[in-house]
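Colleague: Attaching a single structure in structure tokens format; questions to follow.
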Amino acid sequence: MIAPDGREVWIHDAAVVVRDEVGSPLYAQGYMIDITDRKRNEDALRASQDRLREQMQKIEYQALHDALTDMPNRTLFHDRAEQALLRANREGSGFAVMLLDLEPVQGRQRHTRHHSGDLLLREIAGRLRRALRRAIQSRASAVTSSVSLRRVSQTRFRARARDKLRYELGQPVVVGGLAIEVEASAGIAIYPTMGDVETLIRHADVSMYVSKNTHTPIVYAATYDHHSLARLALMGELRRALENNELIVHYQPETDAGDRRSAQVEALVRWQHLNMGCGP
9 MIAPDGREVW IHDAAVVVRD EVGSPLYAQG YMIDITDRKR NEDALRASQD
59 RLREQMQKIE YQALHDALTD MPNRTLFHDR AEQALLRANR EGSGFAVMLL
109 DLEPVQGRQR HTRHHSGDLL LREIAGRLRR ALRRAIQSRA SAVTSSVSLR
159 RVSQTRFRAR ARDKLRYELG QPVVVGGLAI EVEASAGIAI YPTMGDVETL
209 IRHADVSMYV SKNTHTPIVY AATYDHHSLA RLALMGELRR ALENNELIVH
259 YQPETDAGDR RSAQVEALVR WQHLNMGCGP
């Protein structure tokens with residue numbers, strides 16, 4: 009209701025019809041209560057709850073997505089990959105996990121500064137979305153991405169997804185006026201022939217390690233397992249190296265042969281290993 013002074017007044021109105029002995033209506037009897045303050049408080053509470061809900065959704069999104077690329081992080085990727093695996097079981101369809109290791113071509117990566125590297129990763133993330141639109145993608149680390157492909161067979165993956173990836177990742181990325189070429193090592197593991205999600209990821213990681221040597225996407229095979237054992241052993245040794253302070257940084261100047269001026273310094277990490285010796 010609108011009050012004489014122009015204020016909007018909220019009213020709670022309740023009434024009943026009073027009837028005579030034969031049921032005919034005689035008059036209405038009821039009351040009106042001004043609930044303007046209560047309505048204002050309810051609206052304020054509802055607005056506060058909406059803001060809180062939006063903040064919680066934002067926090068949840070940030071907790072499950074990479075801030076730089078806006079791709080799902082490892083936690084969300086695992087959850088969605090588990091769902092895709094259950095769906096594949098129900099439908100009797102295929103399911104694949106792929107790990108991509110992205111690296112600027114040697115000789116140009118030294119010119120890729122931190123900000124340019126961020127722009128490079130954002131561009132690569134967009135290309136992955138275009139190449140694999142229905143896939144579940146995540147940023148696993150600074151240079152590694154995980155991809156989950158639904159309803160896919162080994163033949164179909166090779167025929168379609170690989171060609172799209174080659175095209176998208178084969179184009180130079182222009183960052184700050186500099187064209188940067190990116191090398192991608194891709195390891196693939198396909199379900200249902202290869203266990204659960206954790207096993208798929210481990211097998212894809214092994215295949216990616218092999219892909220670094222072949223420069224082509226590699227689908228996991230049991231014959232590659234010796235690579236994983238050696239790599240796991242090396243990772244264990246490296247963890248101990250960190251704890252034992254076996255890693256030493258050396259700085260090597262890069263000097264112009266013409267005027268003998270040092271333009272920059274290259275940092276090298278050497279591993280003081282008891283059995284393998286000292287190596288970069």
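With our numbering applied, the sequence shown corresponds to residues 9 to 288, in that order. Using N, Cα and C, we set each Cβ at its ideal position, and we do this for glycine too. Quick caveat: nothing in here was measured; it's all calculated off a predicted structure.
Tell me, to the nearest whole angstrom, how far the beta carbon of A212 is from that of I196; I am working on the premise that it is less than 8 angstroms.
Modeller: 6 angstroms
Colleague: In whole angstroms, what separates the C-alpha of I19 from that of Q63?
Modeller: 33 angstroms
Colleague: Can you tell me whether DSSP reads E17 as helix, strand or coil?
Modeller: Residue identity check: residue 17 is Val in the sequence provided, not Glu. Here V17 sits in coil by DSSP.
Colleague: Determine, using beta-carbon pairs with one atom in the stretch 71-79 and one in the stretch 98-111, whether at least three such pairs fall under 8 angstroms.
Modeller: no
Colleague: Return the first residue and the last residue of the alpha helix (DSSP H) that R268 is part of.
Modeller: From DSSP, R268 is part of no alpha helix (DSSP H); its letter is neither H nor E.
Colleague: Which two residues bound the contiguous beta strand (DSSP E) that contains S101?
Modeller: Unbroken run through S101: none, as it is neither H nor E.
Colleague: Hey, is the stretch 248-255 in contact with the stretch 276-285, meaning 3+ C-beta pairs nearer than 8 angstroms?
Modeller: yes
Colleague: Pull the bridge partners of T263 from the DSSP assignment, please.
Modeller: S270
Colleague: In chain order, what residues of the same chain lie with their CB nearer than 8 angstroms to the CB of V273, ignoring the 5 residues before and after it?
Modeller: Y259, Q260, P261 and E262
Colleague: Check for me: the beta strand (DSSP E) holding Q37 runs from which residue to which?
Modeller: P33 to D42
Colleague: How would you label P33, buried or exposed, when you count the other beta carbons within 10 angstroms and need 16 or more for buried?
Modeller: exposed
Colleague: Where does H234 sit, in a helix, a strand or coil, going by DSSP?
Modeller: helix
Colleague: By DSSP, does Y199 sit in helix, in strand, or in coil?
Modeller: If DSSP states are grouped into helix, strand and coil, Y199 belongs with the strands.
Colleague: Keeping to the same chain, check which residues put their C-beta closer than 7 angstroms to that of D42; ignore five residues upstream and five downstream.
Modeller: V17 and I19
Colleague: Chain D beta carbons: is any one of them nearer than 7 angstroms to that of Q260?
Modeller: The structure shown contains no chain D; it holds only a single protein chain.
Colleague: Can you list, in chain order, the residues of its chain whose CB lies under 7 angstroms from that of L208, leaving out five sequence neighbours each side?
Modeller: V105, A197, Y199 and M202
Colleague: Given that a residue counts as buried once 16 or more other Cβ atoms are within 10 Å of its Cβ, and exposed if not, what is I67?
Modeller: exposed
Colleague: I'd like the span of the beta strand (DSSP E) that includes A187, first residue to last.
Modeller: L186 to I188
Colleague: Out of curiosity, what's the CA-to-CA distance linking R118 and A194?
Modeller: Legend: pLDDT at R118 = 47, less than 50; position of this residue unreliable, no value from coordinates given.
Colleague: How long is the line joining the alpha carbons of Y228 and R54, rounded to whole angstroms?
Modeller: Counting only the Cα atoms, R54 lies some 53 angstroms from Y228.
Colleague: Per DSSP, what kind of secondary structure is V205 in: helix, strand or coil?
Modeller: helix
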